[in-house]
Structures are given as C-alpha cells and as structure tokens.
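Undergrad: Have a look at this one.
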Amino acid sequence: WKMGNCSTRQKPLACTFAKNKNHRIACFKDYTFPPQFQDIDCTRLEKQISGPQYEEIKYAFKYLSENTNEEIKKEYTLEDRKKLNKILNFIKPLQNILLLASILLILTCMLTSWIRGSFFIELFFVIFPVFLLNFFLAFALERLYGIKKMTKRLNTKIKSVVIAWNVINAHNGVFAVHGPERWDENGNSKRKIPESLTL
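Residue numbers (the working numbering): 2 to 200.
Shown next, in the form of structure tokens:
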C-alpha cells in the first residue's frame, strides 16, 4: 500500500490541515492561539484499505496529528514566539486595512483622473506610500522578529515527529508528509498556506 508523496502529486490516503479557529475581531485571526491539526479526511484510505489495517493506520495517523499538535503548542509557549504573535495581531490587520485602502485609493484616483484627465501622477503619489508602508511591515517581521527563522524551527520539530512516525509505521507500507500542499478532486497538486499532514 505504499502510496506517493507530495513530489508525485498524488492525492493522499489521508490528510489534515492546521487550522486556527480563534478570531479577535470579525475575520482577523488571533495569532496567539496555536493552529491545530483537527479534522482528518480518510476518504481515500477507506477506499484503498479495509478491516483492522484501516483502523490501525487511521488511529496511528490521528496519533501523529496529536503529537504534532503538542509540538506546535510547545513552540507557542516560547517567549520569542509569544512576542511575535502579539505583534502579528497588530500588523496583520493593519496590512489588510492598508490593502483595502490601496484598492479604494486606486478606484478613487481612477475615477478622479477619468474626470480630470491626469491619471499617473496622482495615482503614484497616493498609492506609493501605502505600498511602501506595507513592504516595510513585511520586512520588519522578518528582520526584526525573525518570522522565517521561527517557522523553520517549528517545521524542524514537526519533521522529526513525522520521521519517527514513519519509522514506526513502515510495516503498514504508508508514510506521512508534512508540508503546505493540497490536492483538488482530480488529484492535482496546488499550493495552500495552512500546513498539512498527509498520508
């Protein structure tokens, strides 16, 4: 029953995505709560394998997602991660508001320039500072707070959990993969932001 991994672009036997269901205001995510692997989709596993082996693999995969969730929770208790997440709660909504403001300013400038006839100069002087601020916020997250470094640290911890699980469950002929990949109904691979565990 050894199936393909992310690189073969096959639809996995089972899959779960890390989700954060806590929100602060309306659609803004609260980054202080760790995302967790919750709902496991075992549709293809159930079609391919039946009986006791199906139950064993399903239980083992659920156990893997629980262990991974524990690693994520531990990561979110670290001081640098706590500090970053509090800052993300401020910066991410601000970036969304700036993006919305940019769109509104572009539409306003287009309408104004259509009426008056001078388009490019007004658009440049109004929109450029907004985009510059957005770029600065993204740059600050990386340079000042090391968001990529923390993500890499967490991914390394999760990878070690997945590797250990793969060794223990090799007798079932399945292996798990952790990564930001998702499949559509036809089995074609497409990128998605939430981290996933696939089998």
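In this text, a Cβ means the ideal position worked out from N, Cα and C, and glycines have one as well.
Could you pull out every residue in the same chain whose Cβ sits closer than 6 Å to the Cβ of Ile73, ignoring the five residues on either side in sequence?
TA: Pro35, listed in sequence order.
Undergrad: Sort Phe140, Thr199, Gly147 by Cα distance to Ile164 and report the nearest one.
TA: Thr199
Undergrad: Reducing DSSP to helix, strand and coil, say where Leu14 ends up.
TA: coil
Undergrad: Less than 8 Å between the beta carbons of Ala171 and Leu65, yes or no?
TA: no
Undergrad: Decide if Ala139 is buried, meaning its Cβ has at least 16 other Cβ atoms within 10 Å, or exposed.
TA: Burial call: exposed.
Undergrad: Going by C-alpha distance, which of Phe132, Pro13, Val168, Val162 is nearest Gln49?
TA: Pro13
Undergrad: What is the rounded straight-line gap between the Cα of Asn173 and the Cα of Leu95?
TA: 48 Å
Undergrad: Which runs of the alpha helix (DSSP H), 4 residues or longer, sit entirely within the stretch 66-119?
TA: Along the stretch 66-119, the alpha helix (DSSP H) occurs as fully enclosed runs of 4 or more residues at 80-117, listed in sequence order.
Undergrad: Is it buried or exposed for Val175, if we count other Cβ within 10 angstroms and need 16 for buried?
TA: buried
Undergrad: Is there contact here, the stretch 150-162 with the stretch 75-84, by at least three beta-carbon pairs under 8 Å?
TA: yes
Undergrad: Just curious, the alpha helix (DSSP H) that Thr157 is in, first and last residue?
TA: 148-169
Undergrad: Using the three-state DSSP reduction, which class does Gln37 fall into: helix, strand or coil?
TA: strand
Undergrad: Note the first and the last residue of the continuous alpha helix (DSSP H) segment covering Leu145.
TA: Looking at the DSSP string, Leu145 is not in any alpha helix (DSSP H), and its letter there is neither H nor E.
Undergrad: Short of 7 Å in beta carbon distance, which residues of its chain neighbour Ile128, apart from the five on each side in sequence? Order them along the chain.
TA: Scanning its chain for C-beta atoms nearer than 7 Å, with the 5 sequence neighbours on each side dropped, one finds around Ile128 the residues Ser103, Leu106, Ile107, in chain order.
Undergrad: Is Ala19 helix, strand or coil when you go by DSSP?
TA: strand
Undergrad: Helix, strand or coil for Val175? Go by DSSP, reduced to three states.
TA: coil
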